[in-house]
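Asks: Final position of the sequence shown in my numbering is 175; the numbers increase by one with none missing. The C-beta atom is built at its ideal place from N, Cα and C for all residues, glycine as well. This structure is a prediction, so every number in the text was calculated from the model and none was measured. Below is a structure I'd like to ask you about.
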Amino acid sequence: MPIDILMPALSPTMEKGNLAKWLKNEGDPVKAGDVIAEIETDKATMEVEAADDGVLAKIMVPAGTADVPVNQVIAVLAAEGEDVTATGTATSMPAGGAPALSAMKDSSKDSKAEFAEPDSKSAHGPTAMTAASEPPISNGRVFASPLARRLAREAGLDLSTVSGSGPRGAS
């Protein structure tokens, strides 16, 4: 029986989200736990995982679509060789309201830098001066929020060429 993959609610107050990109294509086999899509809000990017093994039979919402309502069918997962002519009418969410057919993995943790709180003794001493003059360690990674990434993409800016002004910025 085909399974509808629904737009997840990333927070209790979320009503709409942006489907940033699909990581699998129609017809691709998926296993339970495989990341199949990325969902964005102004504050976080989340990954949608497949809840069951099968084939991504139909993508209902294309990549880059903004303001997709929560609980709208975004794709259909089917068993290998299963007929999905009745897409969009498959098994979906239970009445309890919790997404049962797609699991989410929070990738916003990956995009947040880990900062140590300076203790009050070193903040005024020479140690703070040397720590502030060290170059940022990024390992080639650009530290930017999903909102900053989207705005830069819309403006045609390459974030790797922009100097940061925060604690890990090169100011």
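Give the DSSP bridge partners of residue 73, in chain order.
Replies: Position 69 of the sequence shown, counting from 1, holds the residue named residue 73. Answer is 20, bridged to residue 73.
Asks: Alpha carbons only, please: which of 16, 76, 9 is nearest the one belonging to residue 59?
Replies: Here residue 59 corresponds to residue number 55 of the sequence shown, with the count starting at 1. The option with the nearest alpha carbon to residue 59 is 9.
Asks: Determine the direct distance from the alpha carbon of residue 166 to that of residue 28, and round the result to whole angstroms.
Replies: Taking the sequence shown and counting its residues from 1, the one referred to as residue 28 is at position 24. Taking the sequence shown and counting its residues from 1, the one referred to as residue 166 is at position 162. So the alpha carbons of these two residues sit roughly 31 Å apart.
Asks: May I ask which residues mark the beginning and end of the beta strand (DSSP E) holding residue 86?
Replies: Against the sequence shown, residue 86 aligns to sequence position 82. No beta strand (DSSP E) holds residue 86; DSSP gives it neither H nor E.
Asks: Which whole-angstrom value is the C-beta distance of residue 51 and residue 37, which I expect to be below 8 Å?
Replies: Numbered from 1 along the sequence shown, position 47 holds the residue referred to as residue 51. Numbered from 1 along the sequence shown, position 33 holds the residue referred to as residue 37. 11 Å between Cβ atoms; not a contact.
Asks: Using alpha carbons as the reference points, say which of 154, 34, 24 lies closest to residue 84.
Replies: For this step, residue 84 is matched to residue 80 along the sequence shown. If we check each option's Cα against that of residue 84, 34 comes out closest.
Asks: Please give me, in chain order, every unbroken run of the beta strand (DSSP E) with length at least 3 that falls completely inside the stretch 18-64.
Replies: If we require 3 residues or more, the beta strand (DSSP E) runs fully inside the stretch 18-64 come out as 20-26, 39-44, 49-54, 58-63.
Asks: Can you tell me where the alpha helix (DSSP H) with residue 155 in it begins and where it stops?
Replies: Working through the sequence shown from its first residue, we reach residue 155 at position 151. Residues 150-159.
Asks: Quick one: what's got a C-beta closer than 6 Å to residue 122's C-beta in the same chain, skipping five residues either side?
Replies: As a first step, residue 122 is located in the sequence shown; it is residue number 118 there, counting from the start. Because the pLDDT at residue 122 is just 47, under 50, the model does not fix this residue reliably, and the value given afterwards should be weighed accordingly. Nothing meets the Cβ criterion.
Asks: Assign residue 79 to buried or exposed, taking buried as 16 or more other Cβ atoms, counted over all protein chains shown, within 10 Å of its Cβ.
Replies: As a first step, residue 79 must be located in the sequence shown, where it is residue number 75. Buried.
Asks: Should residue 158 go down as buried or exposed, given a rule of 16 or more other Cβ atoms within 10 Å for buried?
Replies: Counted from its first residue, the sequence shown places residue 158 at position 154. Burial call: exposed.
Asks: Would you mind reading off the limits of the beta strand (DSSP E) that contains residue 162?
Replies: Translated into the one-based positions of the sequence shown, residue 162 becomes position 158. Per DSSP, residue 162 belongs to no beta strand (DSSP E) and is neither H nor E.
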